[in-house]
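K.L.:
Residue numbers (my numbering), protein chains in the order written: chain B, 506 to 820; chain E, 506 to 820; chain G, 506 to 820; chain Z, 506 to 820; chain H, 506 to 820; chain R, 506 to 820. Got a structure for you, questions after.
Below, the structure is given as structure tokens:
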């Protein structure tokens with residue numbers, strides 16, 4: 506028993522280490538967070554020595570809660586935990602191995618999804634086109650990279666993405682690939698839009714009615730694309746879709762620290778900073794969402810939630 | 506003659522000093538540049554000793570050309586020079602004093618225009634409203650300051666205005682006035698728009714068909730205001746209106762240095778920066794232009810050009 | 506047999522009494538009508554003494570037809586009757602009890618649906634918001650009441666809803682709840698829209714392509730919300746969705762008596778009244794439909810029809 | 506002198522009687538009010554016996570102020586008074602007769618303007634068309650009546666125009682003319698719009714940027730017309746145009762008594778009535794404004810103000 | 506064996522004859538091509554004498570490939586071949602008869618679908634309406650013809666449909682039916698739109714996100730309908746829906762010969778012809794798609810693809 | 506006298522010859538017709554031998570009426586005649602020479618206007634751009650030709666312009682200039698719009714509220730340009746502006762012969778052709794009108810009418 510406890514403690518220590526990394530954004534990006542959570546649950550299940558199934562479920566539930574608390578509104582984290590924990594087993598051994606298999610499958614699927622989205626989405630890009638992207642989305646860049654690797658001659662326009670300047674990561678990535686890229690400030694998107702053939706962005710959350718929650722500024726770009734009749738393409742792994750929104754939940758928009766925008770707000774008496782991390786793009790401005798399971802109109806979000814996330818309309 | 510020449514040289518030296526300050530942006534802001542040019546012409550006329558009227562006109566024309574070359578596309582500079590030089594005189598003495606009077610009048614009018622715009626524009630702002638502004642426009646802030654001084658309780662949302670961050674000047678100005686102000690990144694404007702009761706911005710140029718050329722990002726904000734049925738108000742002295750655009754001239758959009766956006770572009774092989782200083786807001790997105798002569802719809806731009814700048818439709 | 510007949514007659518008499526109340530609008534509101542019809546069928550099934558299954562089905566079919574004829578185009582009535590009558594049974598006893606169970610379940614579900622819609626829909630309302638509603642919808646008011654009960658500080662703007670002035674019922678209901686409410690004429694909705702954070706209305710019918718048939722004036726409000734980027738939320742029990750529209754049927758808009766609008770039309774020789782009871786809101790103006798099974802985009806109407814009403818695409 | 510005073514008192518008594526009738530709406534309608542004010546000024550000038558020109562101007566100024574105070578925001582009243590009082594005279598006799606002539610001319614012009622608008626506006630109506638009108642505008646009905654008198658077969662749809670039900674006046678007027686007319690509730694306008702070939706409404710105020718201030722509900726109808734590509738025509742005498750709005754003044758929207766909407770608001774604790782008399786239609790929704798001087802686009806409002814009301818852009 | 510070969514050759518000869526007719530457009534129209542392909546596969550299966558199941562599958566696969574190559578991007582051809590070839594059989598006899606049954610069913614269903622679409626779609630047309638149609642679609646005309654046969658008094662406006670002038674086929678068809686029809690040039694559609702109550706067109710392809718690929722000019726008409734709030738109805742058999750587009754495939758727009766537009770392009774040195782056969786109508790402009798399985802909003806395209814074409818979201 | 510009469514007859518004969526050529530479209534194009542009319546009036550004035558001024562005016566009035574009757578709705582014809590006839594003279598000799606000078610000036614101005622429009626309009630075209638044009642407008646092509654002559658590398662897309670196929674004239678003209686040109690059918694404009702940087706078209710009439718009456722199909726193209734945020738530029742000599750429309754006159758749209766569209770309509774019993782020559786483009790879709798006097802927004806139409814055509818707002 507002592508040994509068991511020790512192991513359990515060790516398991517907990519590692520789990521908490523993962524949680525810390527997520528909170529401090531050492532691990533960041535919706536996909537990487539989700540995979541880290543799945544891995545942590547697998548590991549935690551592996552070291553649990555309890556023999557009582559109920560006790561095992563309790564332990565795992567505790568671990569899941571700790572993980573979920575790190576970023577309470579991240580739907581990819583919540584979907585990952587939910588998928589790993591969805592098991593039916595008659596004893597601890599079977600439960601453990603089911604969780605470990607679920608975790609492996611989730612991680613593998615997540616890794617494959619980015620490639621698959623690249624494959625599906627890149628079919629919509631023609632040689633000679635200019636693509637605008639915002640922030641630094643793994644899935645969106647997968648589409649661009651695949652089009653480039655397939656020999657299509659494309660140009661990219663990348664936004665700075667204030668305040669965190671993820672655009673610099675994006676131009677670094679594209680520069681290494683050898684994709685001709687222009688960097689613009691976020692205020693210059695509408696100006697540049699007449700030269701753009703398609704916009705490709707990622708997703709933090711897709712809601713049940715097809716709205717997109719993504720990096721602040723995304724909804725602005727969607728409106729410019731709409732105004733200029735330019736296709737607006739979202740790249741989103743299916744675990745970015747939010748079942749809870751179907752039950753009416755609103756996605757809470759995280760408010761980030763003022764310091765990201767203004768070094769020293771204490772210099773001012775009447776000034777404060779508003780720094781929302783995300784904004785909401787209405788589905789009317791989205792042409793297509795490329796998932797690893799296919800390219801769908803945003804209004805079909807529920808079908809993804811039902812068929813891929815195993816969620817049902819009930820009352 | 507030697508004396509005359511000396512004086513002329515001294516006149517030229519001072520003129521060229523003013524030009525240098527405009528070019529290096531030591532003197533900046535459309536209004537200040539225009540007033541500096543008017544002042545320089547006055548001074549230059551004052552020191553000219555030639556007695557031949559034709560020779561005098563030649564000298565003054567040369568001075569005007571030197572001034573115009575500092576910022577060839579700035580319509581307020583060109584209007585200022587045109588207004589100062591519009592004289593009819595039968596001898597040098599009368600010509601000199603006409604120019605000097607024109608210059609004085611232009612400077613005085615320009616200074617008064619900002620106040621007058623504040624007075625006219627602030628009537629459109631009600632107590633309790635939230636005003637969004639972009640960049641750091643003297644005329645736009647005059648409207649906000651006047652509303653505040655008149656005891657209206659207003660809040661302001663100010664954008665950063667990348668890449669030059671003029672938003673910091675704006676929050677500094679408003680902080681000193683004691684106006685409650687929020688600073689947001691340029692990507693957060695659409696997000697914030699539902700809390701905004703009116704947008705107030707300045708103008709670099711108003712074209713003959715009522716389009717607005719202003720700080721990059723302005724046209725984006727205009728579109729968000731239009732989408733959300735929020736009034737979009739432009740503050741513009743009448744010398745910001747461009748007669749040349751009626752003859753078909755397009756306003757050239759200045760391309761600024763890459764370094765303003767990206768410290769060291771040489772780190773990248775395939776990346777370049779696009780850094781337009783201005784964008785064009787179509788008149789359909791503008792509710793009203795507040796000038797010192799009244800609040801007009803953008804489509805009435807020609808009337809301003811005709812009645813205030815003395816320009817006529819001819820062929 | 507005589508006894509049976511008597512009972513049958515008594516059954517018929519009660520059924521016809523319910524029908525009369527529906528026709529005279531003593532029983533009114535889509536939900537109450539549907540529940541009354543279900544109850545009448547249950548009661549009618551309970552008193553049928555026939556022993557032949559075929560005869561039983563005939564009798565029940567007759568009762569259903571009589572009920573349906575009272576308001577031939579009310580989809581909630583038709584869905585209620587359809588749901589109650591959907592049975593498979595090998596003898597009369599089983600058929601009777603299946604119908605009675607169906608009726609009980611429908612009534613219970615209907616009652617619960619209003620609560621559930623309130624729970625789901627109220628999540629979309631934040632404290633401090635102003636909600637506009639039209640007419641007097643049980644489901645829409647359930648959302649508002651739930652938000653209020655949950656301690657959210659909300660204000661409501663209610664329309665008169667000419668010609669029947671159901672707005673007076675709405676303000677009475679909200680006054681009792683203690684919700685601060687403003688009453689406006691139907692012509693003042695666009696004027697008031699800039700103060701509105703969300704519109705919440707009910708539904709008479711949701712068609713297969715997501716259009717909303719509701720109280721005259723609803724489509725006007727939807728357009729104002731759309732113009733001002735204000736969310737437009739529909740509260741609709743799933744039995745308001747119309748399977749028949751998928752087969753191309755148009756929902757007929759009931760034309761109400763002239764007297765509702767003009768006391769004495771006979772005073773005029775050239776004037777007539779047009780008094781449609783409903784109008785049609787296109788799905789493009791609807792942000793979300795809150796049903797008891799979840800909040801869906803209008804384009805997902807078919808999924809509700811299929812999964813909740815058991816209807817299939819066939820040819 | 507005593508006699509003079511008496512007369513002056515009598516003059517004042519009559520003037521005040523006119524003011525009372527305007528305030529109590531015994532005299533109502535922008536045109537009738539304006540003509541009554543002109544007539545009162547004429548009469549008042551006629552009975553003034555002072556011989557000192559300065560004193561005469563003081564007296565007349567006092568009378569003008571009294572009249573203006575009756576409906577402080579009615580632009581037609583203010584324009585009428587301004588037009589009558591615009592004189593230059595070297596003695597009282599000439600001043601008196603100038604005022605009296607101005608008053609006569611204003612009244613005559615006002616009467617003729619309605620006819621002229623009918624003539625000009627009716628050219629835009631073709632036989633076979635259906636016209637929708639709102640409230641009860643003299644000028645709008647002049648267009649419809651003229652088209653009818655010219656033998657064009659037209660149908661009219663008239664709104665109730667809650668809360669004051671001016672639609673009943675309109676259908677009475679049209680019934681007498683023999684124009685086939687349909688009465689609808691204000692909520693049914695969008696529903697009816699597909700049958701409408703043109704909308705014709707009147708105006709209370711036209712602002713300097715071409716916006717229309719008119720009976721509550723007008724802006725709703727303009728939006729429906731815009732949505733359905735139906736021409737929206739405004740009938741407005743030139744004295745409805747507001748010079749003050751060019752100097753930034755906002756037109757204050759009169760808030761009418763709650764009793765017009767809700768008989769007894771005291772029955773409710775949490776309910777209040779909002780009853781704005783007018784709303785504002787943006788110029789983008791207006792196709793043409795028919796004045797007695799011609800049919801102009803709303804953006805040309807300033808030209809009317811300048812050429813017809815003698816107002817200039819100045820600073 | 507020799508005999509077998511001969512037969513096989515004969516089978517191939519007939520198959521190739523069908524292919525030639527499709528390529529030369531002797532057989533044309535999506536439905537007719539699809540049925541011809543199904544018939545050819547049936548016939549080809551019928552004459553195959555091989556006894557090895559694997560060999561049989563190879564033969565049939567070869568035949569399918571030859572057919573598909575005739576119009577590589579025609580989704581109805583590809584769906585037809587796919588549906589006929591979808592079999593599971595343990596021996597050649599069963600396989601052969603399964604293919605032959607599939608082919609018969611496809612042909613029968615295809616023929617019935619046009620009737621069924623006419624039945625469903627015509628419910629949306631009211632007596633007294635004017636319908637505009639473009640090109641010469643079997644399914645669209647089925648709706649019009651059915652409405653006419655049901656005794657509804659309808660008028661039709663038909664476009665020329667340059668460059669192939671299929672409008673002449675349409676007016677011939679309607680003339681024979683006795684439907685009053687107006688012929689207009691393609692440039693006159695917007696002009697005529699105010700007289701139109703509904704637009705009805707066919708479909709070449711419906712994509713996974715509900716876009717319509719149809720005869721060049723269709724998207725123009727959809728935009729005019731949208732601008733004027735006129736319903737835009739698409740008539741499309743379910744085998745026009747494209748599963749491949751869900752996997753990101755773009756529908757390639759066929760470029761037709763220059764000679765269709767310009768007799769002799771060789772007369773010009775600097776002129777070339779662009780002659781796309783189709784254009785793409787975004788789903789936002791489509792009100793409803795009438796299929797033989799029901800009338801759906803375009804966003805439900807995936808449901809058709811899944812439920813009717815047996816395709817699933819997978820990765 | 507006999508001689509006079511003879512001369513008069515000869516004058517009349519020549520005048521009538523010009524009229525015949527206009528009617529048969531031997532002389533065609535708004536500019537050429539206007540110049541021919543001016544020339545005919547000059548010639549007619551030159552041969553009149555009457556000595557009585559009143560009689561001379563009568564004769565000239567008769568000639569003007571005959572000319573006007575050839576194309577009663579052509580505003581350029583009516584403006585030309587009006588401009589030539591606008592004289593004040595005390596005797597026949599002076600009247601004659603005034604008319605002859607007016608005619609010379611009109612012709613010269615008209616010829617120069619096309620060049621001047623080319624000069625002004627071409628400033629809005631940048632090297633590398635693709636321009637779409639419709640029909641065969643002298644003024645629109647002047648803009649394109651000037652841009653080409655100025656060394657700008659431009660491509661043109663020209664529509665067929667059914668039914669008269671004036672697009673063939675346009676591609677012939679551009680081919681000779683050496684401008685790379687693509688010919689498309691009228692149905693392919695929206696498809697091509699994403700490749701277009703600006704649309705340039707001519708004008709038959711500009712109305713007082715800035716609407717454009719031009720070749721059928723123009724309003725369609727304007728809508729596509731609007732949808733895609735592409736500038737829509739109108740080239741129009743000032744004598745295309747219609748003073749009469751300010752007085753409410755609607756421009757009658759000429760209905761052309763059915764044979765232009767359908768060779769033999771007698772083959773059909775239920776088919777008729779609708780063949781409007783022009784359509785109306787609302788001013789909201791027009792970015793700028795390039796006249797020889799400057800580039801103006803359409804809403805400034807009245808200013809052109811007033812300042813260039815000498816027309817005033819009066820009642």
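Glycine included, every Cβ here is placed at the ideal spot set by N, Cα and C.
1) Please confirm if residue 506(G) has its CB atom under 8 Å from at least one CB of chain H.
2) Compare the beta carbon distance of residue 568(G) and residue 546(G) with 8 Å and say whether it is the shorter of the two.
3) Determine the DSSP secondary structure at residue 688(Z), reduced to helix, strand or coil.
4) Which chain G residues sit within Cβ distance under 7 Å of residue 804(H)?
5) Between the stretch 661-668 of chain B and the stretch 730-741 of chain B, do three or more beta carbon pairs fall short of 8 Å?
6) If you drop the 5 nearest sequence neighbours on each side, which residues of the same chain put their C-beta closer than 6 Å to that of residue 812(Z)?
7) By the DSSP assignment, the alpha helix (DSSP H) with residue 620(R) in it spans what residues?
8) Between the beta-carbon of residue 718(B) and the beta-carbon of residue 756(B), is there less than 8 Å?
9) Just to confirm my understanding: we take residue 682(R), look at its own chain, exclude 5 residues before and 5 after, and list those with CB closer than 7 Å. What are they?
10) Could you tell me which chain E residues have their CB closer than 7 Å to the CB of residue 732(G), listed as they occur along the chain?
11) On the DSSP bridge assignment, give the partners of residue 777(Z) in chain order.
12) With residue 709(G) as the anchor, note down where its alpha helix (DSSP H) starts and where it stops.
13) Please list, in chain order, the chain B residues whose beta carbon lies closer than 7 Å to that of residue 755(H).
14) Please confirm if residue 793(Z) has its CB atom under 8 Å from at least one CB of chain A.
15) Which of the three DSSP states, helix, strand or coil, is assigned to residue 579(R)?
16) Could you check where the alpha helix (DSSP H) with residue 679(R) kicks off and where it finishes?
17) Using only alpha-carbon positions, find the residue among 802(G), 796(G) and 804(G) that is nearest to residue 616(G).
18) Can you pull the chain E neighbours of residue 781(B), defined as C-beta to C-beta under 7 Å?
P.N.:
If we stick to the structure as given:
1) Numbered from 1 along the third chain, position 1 holds the residue referred to as residue 506(G). A caution first: residue 506(G) carries a pLDDT of 41, below 50, which makes its placement in the model too unreliable to give a value.
2) Walking along the third chain from the start, residue 568(G) turns up at place 63. Walking along the third chain from the start, residue 546(G) turns up at place 41. In contact: residue 568(G) and residue 546(G) (Cβ atoms closer than 8 Å).
3) Along the fourth chain, read from residue 1 onward, the residue named residue 688(Z) stands at position 183. Shown here, residue 688(Z) sits in a strand according to DSSP, grouped into three states.
4) In the fifth chain, counting from the first residue as 1, residue 804(H) sits at position 299. Listed along the chain, the chain G residues whose CB falls inside 7 Å of the CB of residue 804(H) are 804.
5) With the cut-off at 8 Å, the stretch 661-668 of chain B and the stretch 730-741 of chain B do not touch.
6) Here the question's residue 812(Z) lines up with position 307 in the fourth chain. A distance below 6 Å between beta-carbons, with the five flanking residues on each side excluded, links residue 812(Z) to no residue of its chain.
7) By one-based count along the sixth chain, residue 620(R) stands at place 115. Counting along the chain, residue 620(R) sits inside the alpha helix (DSSP H) bounded by residues 597-627.
8) Numbered from its first residue, the first chain carries residue 718(B) at position 213. Numbered from its first residue, the first chain carries residue 756(B) at position 251. Contact: yes.
9) For the purposes of this step, residue 682(R) is taken as residue 177 along the sixth chain, with counting starting at 1. Here residue 682(R) has 650 and 653 as same chain residues with Cβ atoms under 7 Å from its own Cβ, once five neighbours each way along the sequence are excluded.
10) Indexing the third chain from 1 puts residue 732(G) at position 227. Within chain E, the residues near residue 732(G) are 734.
11) Taking the fourth chain and counting its residues from 1, the one referred to as residue 777(Z) is at position 272. DSSP lists 687(G) as partners of residue 777(Z).
12) Counting from 1 along the third chain, the entry for residue 709(G) is found at position 204. Careful: residue 709(G) lies outside any alpha helix (DSSP H) and carries neither H nor E.
13) In the fifth chain, residue 755(H) corresponds to position 250, counting from 1. Within chain B, the residues near residue 755(H) are 628 and 629.
14) The displayed structure is made up of protein chains B, E, G, Z, H and R, and chain A is not among them.
15) Here residue 579(R) refers to the residue found at position 74 when the sixth chain is read from its first residue. Coil at residue 579(R), not helix or strand.
16) Along the sixth chain, read from residue 1 onward, the residue named residue 679(R) stands at position 174. DSSP places residue 679(R) in the uninterrupted alpha helix (DSSP H) bounded by 672-682.
17) Position 111 of the third chain, counted from the start, is the residue given in the question as residue 616(G). The residue from 802(G), 796(G) and 804(G) with its alpha-carbon nearest to that of residue 616(G) is 796(G).
18) Start at 1 with the first residue of the first chain, and residue 781(B) comes out as number 276. Within 7 Å Cβ-Cβ: 693 and 696.
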